[in-house]
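Report on one structure; see the data block that follows.
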Amino acid sequence: MVHKGNSNAWQWSRTAETRRLLLEAAREVFVEKGFAEAGVAAVVERAGSSVGSLYHHFGGKTELFLALWEDHQSAHEQAAATAVAKARAGGEQDPLNLFIVGARAFLEGSWQRRDLARLFMDGDGPPGFELVRRSRGREWVRQNAVLLGAGTDPVDRLTVAVLTTVIGEAGREIATCATRRKANQITEAAIRLIRRLDPLRDAG
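Take the sequence shown: its letter number 31 is residue 957 in my numbering, and every next letter is one higher.
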């Protein structure tokens, strides 16, 4: 006899595995074909699943694309937060240095998941995706302002927005790099730009 708790845990584990397989298959199909040309049938065939299962977990092709985007963004955020927390634990207190630690983690993710980074930047997404992306971008600027200890002055806000844009554009360039060496060169160039634009240099 299977205890109910064990049964629920098994069911959850199986559900999580199905979701993971569908997302992995979606990543491959979307990267190969783009959003518009990708078909649900191709995704479920590659995942060894069913159309019914895909609709049960995600609701459709658009939701599947957005789930892939959210996973990509969450991976970026988690890597940056972990790197910053580790630097803080090691004694780093300078806001700009912490910001750079987070930027390096983001740019590393742009290289590691460059197939997804290219997919999401080429403009081939579902209706409304651009709005979702812009909204997340504004939230990213807000989080960076907190990390940098920037004030509400318009110049402070502008500087944080520019610094965030530097990271985002560097990530786009890295995603198109053919080699790790070239990606590293772009990372270092971005860090140099960020240091030149240090928003705290003239503080006080």
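For glycine and all other residues, C-beta sits at the position ideal for the given N, C-alpha and C.
Please read all numbers here as calculations on a predicted model, not as lab measurements.
Here the alpha carbon of Asp1050 sits roughly 12 Å from the alpha carbon of Leu992. By the CB criterion at 8 Å, Val957 and Val966 fall outside the cutoff. Counting the other Cβ atoms within 10 Å of the Cβ of Asn1070 gives 16 or more, which makes it buried. Taking the Cα positions, Glu954 is about 12 Å away from Arg1039.
Sixteen is the threshold: since fewer than 16 other Cβ atoms of the shown chains lie within 10 Å of the Cβ of Thr1105, the residue is exposed. At a Cβ-Cβ threshold of 8 Å, Ile1112 and Ala1087 do not count as neighbours.
Counting other Cβ atoms within 10 Å of its Cβ, Val1010 reaches 16 or more and is therefore classed as buried. Assignment of Ala1109 by DSSP, reduced to helix, strand and coil, places it in the helix class. Arg1030 and Gly986 have their C-alpha atoms spaced approximately 34 Å apart. Rounded to whole angstroms, the gap between the alpha carbons of Phe1055 and Ile1100 is 22 Å.
Less than 8 Å separates the beta-carbon of Ala1013 from that of Leu1024. The C-beta distance from Leu948 to Phe984 rounds to 7 Å, short enough to fall under 8 Å. No Cβ-Cβ contact shorter than 8 Å links Arg1121 with Met1047. In this structure, Ile1093 and Leu1033 form a Cβ contact; the two beta carbons are roughly 7 Å apart against a cut-off of 8 Å. Ala1104 carries a coil assignment under DSSP once its states are collapsed to helix, strand and coil.
The three-state reading of DSSP puts Ser1061 in helix, counting H, G and I together. For Pro1053, no alpha helix (DSSP H) encloses it, and the DSSP letter there is neither H nor E. If you draw a straight line from the Cα of Gly1016 to the Cα of Thr1102, it is about 33 Å long. When rounded, the separation of the alpha-carbon atoms in Ser1061 and His998 is 15 Å.
In the three-state reduction of the DSSP assignment, Ser975 falls in the coil class, being assigned neither a helical nor a strand state.
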